[in-house]
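So the protein lines, in turn, are chains R, S and U. So the first sequence is numbered by the working numbering: it starts at 1484 and just counts up by one. So the second sequence is numbered by the working numbering: it starts at 1484 and just counts up by one. So the third sequence is numbered by the working numbering: it starts at 1484 and just counts up by one. Where is the CB? At the ideal position from N, CA and C, for every residue including glycine. Just so you know, these numbers come straight off a predicted model, no measurement behind them.
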Amino acid sequence: MPTAYITAPTDAAPALARTLVEERLAACVNRVPCESTYRWEGEVVESEEVILLAKTTDGRFSELVERVEAEHPYETPCIERFDEEAVLPAFAEWIEESTR
Amino acid sequence: MPTAYITAPTDAAPALARTLVEERLAACVNRVPCESTYRWEGEVVESEEVILLAKTTDGRFSELVERVEAEHPYETPCIERFDEEAVLPAFAEWIEESTR
Amino acid sequence: MPTAYITAPTDAAPALARTLVEERLAACVNRVPCESTYRWEGEVVESEEVILLAKTTDGRFSELVERVEAEHPYETPCIERFDEEAVLPAFAEWIEESTR
């Protein structure tokens, strides 16, 4: 099963998480505040962001990506896929049910 | 080597982390506060939780899962396994020693 | 593409992240405050740390590890590699450009 790793501005993260769960593209989203360091227009800068860790299924993943791209304020958002080696069966079942 | 990704209520997380390390089921546990969005009894809700990232070995992983299931307040806890592609050898050795 | 998972003392994390981005060993670093539980000199202890999640390329990964080892205050730092299953193509391209 995949976890989508997305970063977003702090103010955009709660609505993005709610959209993914309401539209059954993710069963749940864990949102983690973070500080990001990166290069912007030649300068190394720091800004506050939120990491969204969205639990979903193989079948829903590409729809989730499309939805995030449509909703995200950045032109090139960080959207990555990490696959678990294993998931507690009962939790995996809950993810399946929540994204049907 | 595996990292166990577990979510738990804020007040249960410290004791759960301590149990895993005391019983040598994990070498260390990084606890990260988060906001979770999910569907509960038909409603999309948000609650504060903690992500526990427990560093352990292949050999100890299933015991760790059993222990978390036994201690966790949820009926269907999020317990997932992510495997690293590589770990600094000296740190991997420390994980092995700490879980013997 | 790899994400490096590194833990560091709270006060060392910002400079470490900046070094990796300035030297184009990582395109960006997400820093997440955490509480760590582990055994130290026979005692189970807790301390505040920061998780650094550094986005880089396959080609830059070993240089990144060497740099972190050189800069890190711990003798045996946690430096792990997680590989994404997939990355949004435009974001992957940005990572490549930022680490050339």
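Checklist entry - For the region 1501–1515 of chain S against the region 1544–1551 of chain S, are there 3 or more C-beta pairs whose distance is under 8 Å? => result yes
Next on the checklist: Taking the alpha carbon of residue 1484 of chain S as the reference point, which residue from R:1543, R:1493, R:1497 and R:1567 has its own alpha carbon closest?
Outcome noted: R:1567
Checklist entry - Leaving out five residues before and five after residue 1490 of chain S in sequence, what residues of the same chain have Cβ atoms less than 8 Å from its Cβ? => result 1517, 1519, 1532, 1533, 1534, 1535, 1560 and 1561
Next on the checklist: Cβ closer than 8 Å: which chain U residues qualify as neighbours of residue 1581 of chain S?
Outcome noted: 1521 and 1522
Item to check | Minimum C-alpha distance to residue 1493 of chain R - residue among R:1557, R:1511 and R:1574 | outcome: R:1557
Checklist entry - Can you list, in chain order, the residues of its chain whose CB lies under 7 Å from that of residue 1496 of chain U, leaving out five sequence neighbours each side? => result A distance below 7 Å between beta-carbons, with the five flanking residues on each side excluded, links residue 1496 of chain U to the following residues of its chain, in chain order: 1514, 1533 and 1535.
Next on the checklist: Which residue wins for smallest C-alpha separation from residue 1501 of chain R, given the options S:1528, S:1564 and S:1573?
Outcome noted: S:1528
Item to check | Proximal residues, the region 1503–1515 of chain R versus chain S, C-beta separation under 9 Å | outcome: Here the close residues are 1503, 1504, 1505, 1507, 1509, 1510, 1511, 1512, 1513, 1514 and 1515.
Checklist entry - Roughly how many angstroms separate the alpha carbons of residue 1530 of chain S and residue 1522 of chain S, rounded to a whole number? => result 11 Å
Next on the checklist: Can you confirm whether residue 1492 of chain S, when its beta carbon is compared against all beta carbons of chain R, has any partner nearer than 9 Å?
Outcome noted: no
Checklist entry - Do you know offhand how far residue 1537 of chain U's Cα is from residue 1563 of chain U's? => result 10 Å
Next on the checklist: Is there a C-beta anywhere in chain R that falls below 9 Å from the one on residue 1564 of chain S?
Outcome noted: yes
Next on the checklist: Within 9 Å of any Cβ in chain U, is that where the Cβ of residue 1495 of chain S sits?
Outcome noted: no
Checklist entry - Would you report the Cα separation of residue 1575 of chain S and residue 1486 of chain U, rounded to the nearest angstrom? => result The straight-line gap separating the alpha-carbon atoms of residue 1575 of chain S and residue 1486 of chain U is approximately 17 Å.
Next on the checklist: Rounded to the nearest angstrom, what separates residue 1580 of chain S and residue 1543 of chain S at their Cα positions?
Outcome noted: For residue 1580 of chain S and residue 1543 of chain S, the distance between alpha carbons rounds to 12 Å.
Checklist entry - Among R:1525, R:1526, R:1540 and R:1511, which residue has its Cα nearest to the Cα of residue 1526 of chain S? => result Ranking the options by Cα distance to residue 1526 of chain S, first place goes to R:1511.
Next on the checklist: If you reduce the DSSP assignment to three classes, tell me which class residue 1492 of chain U lands in.
Outcome noted: Strand at residue 1492 of chain U.
Checklist entry - Taking the alpha carbon of residue 1582 of chain S as the point to measure from, which residue in S:1546, S:1572 and S:1499 has its own alpha carbon closest? => result S:1546
Checklist entry - Is the Cβ of residue 1501 of chain S closer than 9 Å to any Cβ of chain U? => result yes
Checklist entry - According to DSSP, which residues form a beta bridge with residue 1545 of chain U? => result DSSP lists no partner for residue 1545 of chain U.
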